[in-house]
Amino acid sequence: MSVAAHFDSYSAARAHFKDLLDAARRGRVATVQRETGRAAVVDADRLRVSLVGGLPLPQVVTEDGGWSVFLPGVPVAADAATFDEAIEEMIVALREYADDWQERLLDAPNHRNNWALVQVVELSDDTQLREWLVGSAR
């Protein structure tokens, strides 16, 4: 068995779909060549963990008797009376931003570079997002 799974066409990848997914799950390089370019198939958990490492560190601050959570350089923030409420609000804000990004912001010049953030949000459950926001996912 080859260490990588490269398929020269969609038809070849479809005929060997299980091999393609197995390679991705094991962390091997798995690609499909199409006329318009090459696509990589990757394990979602591996991708999420890798992308988290490249995101700005979430900042949590207390001010005026409440808590604020934000990501430097990203237009997403949340405020609440308690730490836990602020984290929960940030998870909601991140999910709303990811939805907006996919629907209409992905080509906007000031948002297109947030692709990795959106991938992390979409590939994470609420527990994983919480762990990243409070610093236990790195």
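When we follow full-length UniProt numbering, the leftmost residue of the sequence shown carries the number 1, and every step to the right adds one. For every residue, glycine included, the Cβ atom is placed at its ideal position computed from N, Cα and C.
When burial is assigned at 16 or more other CB atoms within 10 Å of the CB, is G48 buried or exposed?
Reading off the sequence, residue 48 comes out as Arg, not Gly. Residue burial annotation: R48 is buried, with at least 16 other C-beta atoms found within 10 angstroms of its C-beta.
| request: Could you check the C-alpha separation between Q102 and P72 for me, to the nearest Å? | output: Each residue's Cα considered, the two are about 21 Å apart.
Where does R112 fall in DSSP's three states?
Looking at R112 - three-state DSSP - the assignment turns out to be helix.
Just grab the DSSP bridge partners of R34 for me.
-> Among the bridge pairs identified by DSSP, R34 is matched with G37.
- Message: Quick check: Q33 and D8, are their CB atoms within less than 8 Å of each other?
- Response: Result yes, Cβ atoms of Q33 and D8 sit closer than 8 Å.
| query | Just curious, the alpha helix (DSSP H) that A77 is in, first and last residue? | reply | Run containing A77: none in the alpha helix (DSSP H); it sits in the beta strand (DSSP E), A77 to A80.
- [ ] Would you mind giving the Cβ-Cβ distance between A15 and L123, rounded to the nearest angstrom? I have them listed as a contact below 8 Å.
- [x] The beta-carbon separation of A15 and L123, rounded to 27 Å, does not stay under the 8 Å limit for a contact.
(Q) Taking the alpha helix (DSSP H) that Q102 belongs to, which residues open and close that run? (A) If you look at Q102, you'll find it isn't in any alpha helix (DSSP H); DSSP assigns it neither H nor E.
With E69 as the anchor, note down where its beta strand (DSSP E) starts and where it stops. Position check: residue 69 holds Val in this sequence, whereas Glu was assumed. Note, V69: beta strand (DSSP E), G66 to F70.
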